[in-house]
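Peer 1: Dropping the structure in here first, questions after.
Chains as they are written, first to last, in our numbering: chain H, -3 to 107; chain G, 2 to 117.
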């Protein structure tokens, strides 16, 4: 029973365009959401987060949107750069403060 | 400032063997969590250690055990290895066991375990 789902295993976009990565969750008690980026042979690194009391958080080229009624969040990267090519994981914090991860989306930004 | 360090980076074992993986948390962090990342999947929570005690546990059998030392470093032990235990094992550290809003886990690069 996956509580956090990333239904797109891969995404390919042109450099300079927008990348939109999606994440759905089932547990309405999740109160904090994070995105992590992972390069090969490295551990996941924190990218951006959002509290459930907000609907948007922006950090430079990265923006996360949260739609609580739809139990959906998305990560927008504008403009996309080749260095953004990585696997992106969505994670949610549960009531015991541990993180539940999605299965990841592999983003490829084409030069 | 050293981040989270894990050793070894790669390990090959055979079924039935036992393995020990090691982790040193980021400087200033006192809590260590272990995750298993199978191929094509996201990290799955195994357990968390704080003050040398297991504080939380995910849905993993008792073959998975751990330890935390006074210097906050940690070990993950897996007994009676199965083929399905082949995965990337990630260690993550944080400042305290409750991940407050605006805090985040810092991950190591992981140990790739292959069970033959």
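For every residue, glycine included, the Cβ atom is placed at its ideal position computed from N, Cα and C. No experiment lies behind these values; they were computed from the predicted model shown.
#1: Considering only their Cβ atoms, is the gap separating residue 88 of chain H from residue 170 of chain H smaller than 7 Å?
#2: Relative to the C-alpha of residue 67 of chain H, which candidate in H/25, H/75, H/84 has its C-alpha closest?
#3: Taking a cut of 8 Å between CB atoms, which residues from the stretch 44 to 75 of chain G lie near chain H?
#4: Buried or exposed for residue 95 of chain H, going by 16 or more other Cβ atoms inside 10 Å?
#5: Taking all protein chains shown into account, decide if residue 91 of chain H is buried (16 or more other Cβ within 10 angstroms of its Cβ) or exposed.
#6: Thinking C-beta only, is residue 115 of chain G closer than 7 Å to residue 87 of chain G?
#7: With DSSP run on the structure shown, which of helix, strand or coil describes residue 20 of chain H?
#8: Would you tell me roughly how many angstroms separate the C-alpha atoms of residue 53 of chain H and residue 41 of chain H, rounded to the nearest one?
#9: Would you verify that the beta carbon of residue 12 of chain H is, or is not, closer than 7 Å to some beta carbon of chain G?
#10: Kindly indicate which residue of H/51, H/75, H/31 has the alpha-carbon position closest to the one of residue 10 of chain H.
#11: On a CA-only basis, which of H/19, H/12, H/15, H/13 is nearest residue 98 of chain H? Give me that one, please.
#12: By a C-beta neighbour count over all protein chains shown, 10 Å radius and 16 as the cutoff for buried, is residue 100 of chain H buried or exposed?
#13: Could you check whether the Cβ of residue 14 of chain G sits closer than 7 Å to any Cβ belonging to chain H?
#14: Cβ of residue 19 of chain G less than 7 Å from any chain H Cβ?
#15: Shorter than 7 Å from the beta carbon of residue 99 of chain G to some beta carbon of chain H?
#16: Check residue 85 of chain G in the structure and name its three-state DSSP category.
#17: Name the chain G residues whose beta carbon is nearer than 8 Å to that of residue 108 of chain H?
#18: Per DSSP, what kind of secondary structure is residue 55 of chain H in: helix, strand or coil?
#19: Roughly how many angstroms separate the alpha carbons of residue 5 of chain H and residue 102 of chain H, rounded to a whole number?
#20: Whose CA, out of G/80, G/25, G/71, lies closest to the CA of residue 63 of chain G?
#21: Which residues, in chain order, does the stretch 26 to 43 of chain G contribute to contact with chain H at a C-beta distance below 9 Å?
#22: Could you work out which residues of chain H lie near residue 91 of chain G, taking near to mean beta carbons separated by less than 7 Å?
#23: Taking the C-alpha atoms as reference points, what is the distance between residue 65 of chain H and residue 1 of chain H?
#24: Reducing DSSP to helix, strand and coil, say where residue 67 of chain G ends up.
Peer 2: Inspection of the coordinates gives the following:
#1: Outside the displayed range of chain H (-3 to 107) lies residue 170 of chain H, so it cannot be described from this structure.
#2: H/25
#3: 44, 45, 46, 49, 57, 59
#4: buried
#5: exposed
#6: yes
#7: strand
#8: 18 Å
#9: no
#10: H/75
#11: H/19
#12: buried
#13: no
#14: no
#15: yes
#16: helix
#17: No answer is possible for residue 108 of chain H: it lies beyond the span of chain H, which begins at -3 and ends at 107.
#18: strand
#19: 6 Å
#20: G/80
#21: 34, 36, 38, 41, 42, 43
#22: 39
#23: 16 Å
#24: strand
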